[in-house]
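In the numbering used here, the protein residues as written are -6 to 735. Backbone N, C-alpha and C fix where the C-beta goes; we use that ideal spot for every residue, glycine too. See below for the structure under consideration.
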Amino acid sequence: MCVGGRELRSVNRKLVCALALLALSEGRRLSRDQVASLLWSESAQPHARGSLRQLITALRREFRAIGYAGFEATRNQLSLDPALLGDDVHALLDRAAMGETHPDLLTQHDLPDALMRGWDDVDPAFADWLQAERDRLRERLRLSLSRLWESQGIDSRPGREAARALVRLDPTQERAAQALMTSLARGGDGTAALAVYAELSRMLGQHHEAAPSRETRELARRIRAGELEPAPASAPASAPASAPAPAPAPEDAQGVGEAAGRGAASPGGAPRPTPDAVLLVEPFTMRGGRAEERAALDGLREALIGSLIRFREWQVAEAPEGAAAELGTATGTATGTANGAGTGPQDGLRFGLRGSARHAPGGIEISLTLRELATGRFLWSETLDLPADDGAEARPWDASASAADAATGRTREAAQERRERLLRQMAIALNVRLSEARPGGSGDGSRRETWLRGQRMILNFDPESWLRVGREMRALVDAAPDYAPAWSALAQIETTAHIARPGMMREGARAAAAADCALRAVALDPLDSRARLALGWAHVYSGRWPAAADAFDMALQLNPHDAWILTSVAQAMAAFGHHARAARLAGAALEAMPLTNQSRWGYHASIRFFGGDFEGALEAGRLAGESHANSGGWRAGALAHLGRREEARAEARQLVARLARVWVADTAPDPLACSRWVLGVVPTRREAEWRLLRDGLAMAGLPAAGLDWPGLAGGAAARPPTAGEVRGRAPGAAGRIAGDSP
């Protein structure tokens, strides 16, 4: 890392890690709590804050020694001035943004894996963050290199370098290897083409225990046999890369299926299992239109793919134009395969997403269609508008910019926000439609379907099915101990058991078990936003609020286009007391996908209530119905704060009567016990939010006025296990976690 043109060296490992956190964070700034929770995750909060203060003193001393004045430490935040800071990561990304391939990408395999290698032992939380940063850097480079070789053309030097770097970055990107092999062979250098194939085979075998696809093997055979025609002499050097020389039609379809089925490598380095559902995204087409409009459409497609790969419900693959139709023909036959197995409705669903656009006043009109490839059945279609960016060009911020420059910056930010809303709307709509198209019965024994069925049961908060879902998830982790979503589901069960089973109070032991499972899920798949979300709630129930804030932020970074992530983090922010942010996140979730699920409205009731929006809380509580056992508490409290006392008392009486029918505790479900349970469902970081609900229940006639705030943890907070303890846990030990209580 270079600061002010001078390389910064330090023997203080935590200091170097703090610099890395700041240098790689959005805007080069982080809160003090975030830094402390990532560097001292196993220490008590007072000790972590004291250690951070000492670290800040050391940072100031180091910066003074080299004459750097861009470090700022306020009461709540640490930041670096990016204008005076240089680091290897941004050098890689800046080079790619300029249409160039960094030389290191051509000489090293999987360069992002070298990011701070050897620093994972500083702290378990820092190790998790570092792994996520490596994966995020890998994905950004993959998109940049893909864009570069496709735009420059494989027959140009920049295009060939980008394709070669892409294969070294991720050997599963066989389309780039095929194009590179084809270009070299047609240019008369068959030896170099076969060298690319040999390197691809070596890297796939060494790092993924896999072999090249049938399509790539056939291409290598044709190169050895000299069957490829030389490139026409008149072909322009920068023409876009053509598809590799076609093999027989069935093998073309087979090759697309193999690539989709194998997918990208998992963070642990092993290939992901064959997915239950694959979404093939074809190139988006546009008739006419300006070059910048077509570029905007291509950029939107890439951004959409980047959004969709964050979901764990399916696998995403790029398909050359028309390839989805060929695959659909193959999967529709009795013998058609996508990865060596049958592709019937219960075995490897395949969907195709197609987009077409046309010029419209003020931007581009995009039509998207989603269909099931095996049957050709259309599942969803929608037309959306991509607004023009009003000519705002991205450029570094200049503190001395004129008012016109500032206005341009605001215009650019507004255009970016509109684009983000469009992406969120598309991603969430596709998530819903694909989920609806999946088989919902219990006959599908795949682990992904078992997990999805468990998710539906967990979020319905049905007391009768709670023990069943616990048993199913325990059986799933016993059968597939490396399947991260199953571990995060177990964490969900532990953190929400008291919600589904009225009368059960929150327990420190359950919070510790939830953290155990969530940490295991994060270790298995650092890019799974659901695992980060589960970890955040486990920390909340343990009273570790700074660590929870970091986990929730990571969940949003990993998948900002999942309506469930947005809603759940919004509820967490309301419990933190960050009501403006909670309202923004909840509004974004509703804007992208209006809710028809009663259960989700229960979350919006709590978000609005804690934020003081009692009319909104009452509306959401009524839409939630009885999907949550405590929904009546939000309605009664909201009515009381609105001055509608008689309605509030009637709602409170109904609440006690309903809870009595489903009460699981040995204690009697009298009004006092019901009040204590309702107040304990959602923990709050501050007493103010808890008191708001307590006073509302008291005004509604419940005996809550004498109850005291239970504190940050709301129970006996247990120390969450360390990452080392989690990694040492036997898979069968999960049997002691979820669903054991009677």
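Extent of the continuous alpha helix (DSSP H) run through residue i
| i | result |
| --- | --- |
| Leu460 | 456 to 472 |
| Gly625 | 624 to 634 |
| Ser137 | 117 to 145 |
| Arg217 | 207 to 217 |
| Arg669 | 664 to 673 |
| Ala29 | 25 to 32 |
| Ala508 | 501 to 517 |
| Ala203 | Careful: Ala203 lies outside any alpha helix (DSSP H) and carries neither H nor E. |
| Leu452 | 440 to 453 |
| Glu220 | Unbroken run through Glu220: none, as it is neither H nor E. |
| Ser599 | 591 to 603 |
| Met547 | 538 to 551 |
| Trp97 | Before going further, note that residue 97 is Asp rather than Trp in the sequence given. Here the alpha helix (DSSP H) through Asp97 covers 96 to 100. |
| Gly614 | 607 to 617 |
Nearest-angstrom Cβ-Cβ length linking residue i and residue j, presumed shorter than 8 Å
| i | j | result |
| --- | --- | --- |
| Ile216 | Leu187 | 6 Å |
| Glu154 | Leu212 | Actually they are not in contact, since the Cβ atoms of Glu154 and Leu212 sit about 20 Å apart, beyond 8 Å. |
| Ala650 | Leu690 | Not a contact, Cβ separation roughly 15 Å. |
| Leu15 | Leu73 | 5 Å |
| Ala817 | His532 | Shown here, the chain extends from -6 to 735; a query on residue 817 therefore has no answer. |
| Glu375 | Leu361 | 6 Å |
| Leu346 | Leu363 | 5 Å |
| Ala693 | Ala633 | 5 Å |
Helix, strand or coil at residue i [DSSP, three-state]
| i | result |
| --- | --- |
| Gln166 | coil |
| Gly43 | helix |
| Arg364 | strand |
| Ile298 | helix |
| Glu375 | strand |
| His352 | strand |
| Ala58 | helix |
| Arg679 | coil |
| Arg577 | helix |
| Gln38 | helix |
| Leu71 | strand |
| Ala556 | helix |
| Arg280 | coil |
| Val9 | helix |
| Val309 | strand |
| Ala345 | Checking the sequence, you will find Gly at residue 345 rather than Ala. Strand at Gly345. |
| Ala66 | strand |
| Glu358 | strand |
| Arg88 | helix |
| His571 | coil |
| Arg22 | strand |
Within-8 Å CB hit, residue i to chain B
| i | result |
| --- | --- |
| Ser176 | Here chain B cannot be found, since the structure has a single protein chain. |
Residue range of the unbroken beta strand (DSSP E) whose run includes residue i
| i | result |
| --- | --- |
| Thr488 | Element bounds for Thr488: not the beta strand (DSSP E) but the alpha helix (DSSP H), 477 to 493. |
| Phe304 | Premise fails: Phe304 is in no beta strand (DSSP E) and is neither H nor E. |
| Pro275 | For the record, residue 275 in the displayed sequence is Glu; it is not Pro. No beta strand (DSSP E) holds Glu275; DSSP gives it neither H nor E. |
Cα-Cα separation, residue i to residue j
| i | j | result |
| --- | --- | --- |
| Val9 | Phe64 | 14 Å |
| Ser481 | Glu222 | 53 Å |
| Glu680 | Leu130 | 40 Å |
| Gly708 | Phe277 | Low local confidence applies: a pLDDT of 42 at Gly708 is under 50, so the model's placement there is unreliable, with the coordinate-based value given in what follows. Computed Cα separation, rounded: 53 Å. |
| Pro519 | Ser599 | 29 Å |
| Arg6 | Ala29 | 14 Å |
| Ala688 | Asp701 | Just to set this straight, residue 688 is Asp in the shown sequence, not Ala. Whole-angstrom Cα-Cα distance: 11 Å. |
| Gln27 | Gly355 | 41 Å |
| Arg210 | Asp546 | 43 Å |
| Asp659 | Gly501 | 19 Å |
| Ala204 | Arg168 | 14 Å |
| Gln47 | Thr677 | 30 Å |
| Leu652 | Gly626 | 11 Å |
| Arg577 | Pro553 | 12 Å |
| Ser561 | Tyr596 | 7 Å |
| Arg642 | Gly614 | 16 Å |
| Ala477 | Ile451 | 17 Å |
Local Cβ density within 10 Å of residue i, reported as buried at 16 or more and exposed below that
| i | result |
| --- | --- |
| Met91 | exposed |
| Asp663 | exposed |
| Asp555 | buried |
| Gly618 | exposed |
| Ala527 | buried |
| Gln448 | buried |
| Thr368 | exposed |
| Leu12 | buried |
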